[in-house]
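**Student:** Sharing a structure here in structure tokens format.
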Amino acid sequence: MIKRVKSKANFIEIEHKILDFWDAKSIFEKRRKINSNNEHWSFIDGPITANNPMGVHHAWGRTLKDLYNRYKSMNGFDLRYQQGFDCQGLWVEVEVEKELGFKSKKDIEEFGIEKFVKMCKDRVEKYSTIQTEQSKRLGYWMDWDNSYFTMSDENNYTIWSFLKQLFEEGKIYRGSDVVPWSGRSGTSYSQMEIIEGRKLVSHKSVFVRFPLKDRDNEFLLVWTTTPWTLTSNVIAGVNGNLEYVKIKTPDGSIYYIADENLNFKRLEKQFKEKKQWIEGLPKLKTISQIFKERGGFEIVGKVLGKDMVGWTYEGPFDNLDAQLEPGGYPIRNDELADKGACGALQHQVVDPGKDNMGSDIVVSGEGTGIVHMAPGCGDIDHKVGKNLNMVSIAPLDEESKFTDKFGWLSGKKATDPNTIDGIINYLKENKFLVYVEDYPHIYPHCWRSGDELVFRLVDEWYINMDWRDEIIKIV
Numbered sequence: 001m002i003k004r005v006k007s008k009a010n011f012i013e014i015e016h017k018i019l020d021f022w023d024a025k026s027i028f029e030k031r032r033k034i035n036s037n038n039e040h041w042s043f044i045d046g047p048i049t050a051n052n053p054m055g056v057h058h059a060w061g062r063t064l065k066d067l068y069n070r071y072k073s074m075n076g077f078d079l080r081y082q083q084g085f086d087c088q089g090l091w092v093e094v095e096v097e098k099e100l101g102f103k104s105k106k107d108i109e110e111f112g113i114e115k116f117v118k119m120c121k122d123r124v125e126k127y128s129t130i131q132t133e134q135s136k137r138l139g140y141w142m143d144w145d146n147s148y149f150t151m152s153d154e155n156n157y158t159i160w161s162f163l164k165q166l167f168e169e170g171k172i173y174r175g176s177d178v179v180p181w182s183g184r185s186g187t188s189y190s191q192m193e194i195i196e197g198r199k200l201v202s203h204k205s206v207f208v209r210f211p212l213k214d215r216d217n218e219f220l221l222v223w224t225t226t227p228w229t230l231t232s233n234v235i236a237g238v239n240g241n242l243e244y245v246k247i248k249t250p251d252g253s254i255y256y257i258a259d260e261n262l263n264f265k266r267l268e269k270q271f272k273e274k275k276q277w278i279e280g281l282p283k284l285k286t287i288s289q290i291f292k293e294r295g296g297f298e299i300v301g302k303v304l305g306k307d308m309v310g311w312t313y314e315g316p317f318d319n320l321d322a323q324l325e326p327g328g329y330p331i332r333n334d335e336l337a338d339k340g341a342c343g344a345l346q347h348q349v350v351d352p353g354k355d356n357m358g359s360d361i362v363v364s365g366e367g368t369g370i371v372h373m374a375p376g377c378g379d380i381d382h383k384v385g386k387n388l389n390m391v392s393i394a395p396l397d398e399e400s401k402f403t404d405k406f407g408w409l410s411g412k413k414a415t416d417p418n419t420i421d422g423i424i425n426y427l428k429e430n431k432f433l434v435y436v437e438d439y440p441h442i443y444p445h446c447w448r449s450g451d452e453l454v455f456r457l458v459d460e461w462y463i464n465m466d467w468r469d470e471i472i473k474i475v
């Protein structure tokens, strides 16, 4: 006779009943014994961070992993069944910082790095235990007494051994690069972390003029949403195939701008549809409108970008010690230093060419068609500077503050609105500023604190990956 089934299932009761049955009958151990002499199959459990109780997304992932393991087991394979825990990195540190009320890297250093690390490890041990119990409740099958931890000596010694081998093979080298940086954390960020912190914000963008040398009262017109990077400008980029117009204003000044940019309706679609737009911001003006409001202009000539390459100009911050430092600052290029090259003396118009994807770096549309480039403040700028053998000027320290060789800006945080206002006032007083506006765009922020990230030149160790094809074949 079939037993009567309850019309309403008590899932928690059923869950415990099944788990108790598996445990009492040693079902997991018996399953492993059946396949113990068969072909081995190793599934590496991508470790979740032992930082908090598991979330729904973790449970979803672990359920899918368990299904895959069970499928292989049912096909007779002898499985590894080893779960893993990620113990290191910002995720754990952030929670410990919250517990202690810390706001910066300095707070950790004053507290004591050894004590802070111990608290991080204690947190990992606590939540790895909690996550293990949660995983058991899911019905996840693992060898619970044989979990791996990324903070283990075994793991760290393996990494050091791997790095030692790479070093002996000449694959480890020291180099410089511009990376996303958090002044609050005092550390660089990965591209994945940047994605998590991207926000729509409004910044003060500026149209600035660079006086051309040997061309009386003639200027390059450049545009940037990060005025602080102007302190470290070295080159101005044009597209050799674009046509540029010479416009003359009533005071006799001549400005060079990409022809297509003069009447380009900037972010018009975003403004009309109010998508990726900040409520209350006015519609952006065309460059033509900006100059008409300044008294008007007339087009007096045209020139191709390729004919502008090699022109030299004066930068707005050429009086700073950093701009006058031979070989760049703070990372010195000895070869350029021996030639007396510095930022202020290297200012010239270049065609930066194409990026890694084969697209033109300088394009018509947004901006002026002339790109201000600071090799110490931007990834593409840095690569272009290296290719053209230009100096790099990096203005910021680990807290995103200007360093000593930046005069009145030294000690000021680059992303502080007061710092930006000070830079804009300086540009205005020294007759470099043409126009300032509030500009909406997506900008990366620190996922920990919400602070804006900067792009900072750092000196770091790298692995030469010219052997990646070998890895692909093995995998």
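For the record, in the sequence shown the residue sitting at position 416 is 416 according to the numbering used here, with numbers rising by one throughout. By construction, the Cβ of each residue, glycine as well, lies at the ideal position given by its N, Cα and C atoms. All of these numbers come straight from a predicted model, not from anything done at the bench.
Under a Cβ-count criterion, where at least 16 other Cβ atoms within 10 Å of its own Cβ denotes burial, should P417 be classed as buried or exposed?
**Tutor:** So P417 counts as exposed.
**Student:** Which stretch, first to last residue, makes up the beta strand (DSSP E) that contains Q548?
**Tutor:** This structure leaves residue 548 out entirely; the chain is present only between 1 and 475.
**Student:** Closest by CA to P250, which one among F297, V5, A236 and N233?
**Tutor:** The shortest Cα separation from P250 among F297, V5, A236 and N233 belongs to F297.
**Student:** Going by the DSSP bridge assignment, what does E298 pair with across the sheet?
**Tutor:** Answer is K248.
**Student:** Specify, as a first and last residue, the run of the beta strand (DSSP E) that H372 falls within.
**Tutor:** Unbroken beta strand (DSSP E) run through H372: V371 to M373.
**Student:** What does the alpha-carbon distance come out to for the pair Y426 and V208?
**Tutor:** In a straight line, the C-alpha of Y426 is about 12 Å away from that of V208.
**Student:** Would you mind stating whether I393 and S232 have Cβ atoms separated by less than 9 Å?
**Tutor:** For I393 and S232, yes; Cβs fall inside 9 Å.
**Student:** Which residue or residues does DSSP assign as beta-bridge partners of I393?
**Tutor:** Looking at the DSSP assignment, I393 forms a beta bridge with Y329.
**Student:** For chain C, check one thing: does any of its Cβ atoms lie closer than 9 Å to the Cβ of A341?
**Tutor:** Annotation note: the requested chain C is absent from the structure, which comprises a single protein chain.
**Student:** So does the region 246-266 actually touch the region 372-380, counting three or more Cβ pairs closer than 8 Å?
**Tutor:** No, the region 246-266 does not touch the region 372-380.
**Student:** From this set, D466, I474 and P444, which residue's C-alpha is nearest Q191's C-alpha?
**Tutor:** Among D466, I474 and P444, the Cα nearest to that of Q191 is on P444.
**Student:** Which of the three DSSP states, helix, strand or coil, is assigned to W506?
**Tutor:** Residue 506 is absent from the structure shown; the chain starts at 1 and stops at 475.
**Student:** DSSP state of S410, grouped into three classes?
**Tutor:** It is coil, neither helix nor strand.
**Student:** For the alpha helix (DSSP H) that contains K121, what are its first and last residues?
**Tutor:** Run containing K121: I113 to L138, per the alpha helix (DSSP H) assignment.
**Student:** Using the C-alpha atoms, what's the distance from L79 back to D143?
**Tutor:** When rounded, the distance between both Cα atoms is 10 Å.
**Student:** Pick from I472, I474 and N464: whose alpha carbon is nearest that of K171?
**Tutor:** Nearest C-alpha to K171: N464.
**Student:** Can you give me the C-alpha to C-alpha distance between R332 and Y244, rounded to a whole angstrom?
**Tutor:** Their Cα atoms are separated by approximately 35 Å.
**Student:** With distance defined between alpha-carbon atoms, name the residue in K428, L242, D451 and N319 nearest to N261.
**Tutor:** It is L242.
**Student:** In the DSSP assignment, find the beta strand (DSSP E) that holds I12 and state where it starts and stops.
**Tutor:** First-last for I12: F11 to A24, but that is the alpha helix (DSSP H), not the beta strand (DSSP E).
**Student:** Based on the DSSP output, what are the partners of W514 in its beta bridges?
**Tutor:** A query on residue 514 cannot be resolved here, the shown segment of the chain reaching from 1 to 475 and no further.
**Student:** Using 10 angstroms around the beta-carbon of R468, count the other beta-carbons present and answer buried if the total reaches 16, otherwise exposed.
**Tutor:** By the neighbour-count rule (16 or more Cβ atoms within 10 Å), R468 is not buried but exposed.
**Student:** For W447, which residues of its own chain have a beta-carbon under 7 Å away from its beta-carbon, when the five flanking residues on both sides are left out?
**Tutor:** So the list reads E193, E196 and G197, once near-sequence residues are dropped.
**Student:** Going by DSSP, what residue range makes up the alpha helix (DSSP H) through H57?
**Tutor:** Taken as a continuous stretch (DSSP letters only), the alpha helix (DSSP H) holding H57 covers V56 to M74.
**Student:** Can you tell me whether F11 is buried or exposed? The criterion is at least 16 other CB atoms within 10 Å of its CB, across all chains shown.
**Tutor:** Its Cβ having fewer than 16 others within 10 Å, F11 is exposed.
**Student:** Using the beta-carbon count (16 or more within 10 Å), is H16 buried or exposed?
**Tutor:** Exposed, by the Cβ-count rule.
**Student:** G55 to Q134, Cα distance in whole Å?
**Tutor:** The straight-line gap from Cα to Cα measures roughly 10 Å.
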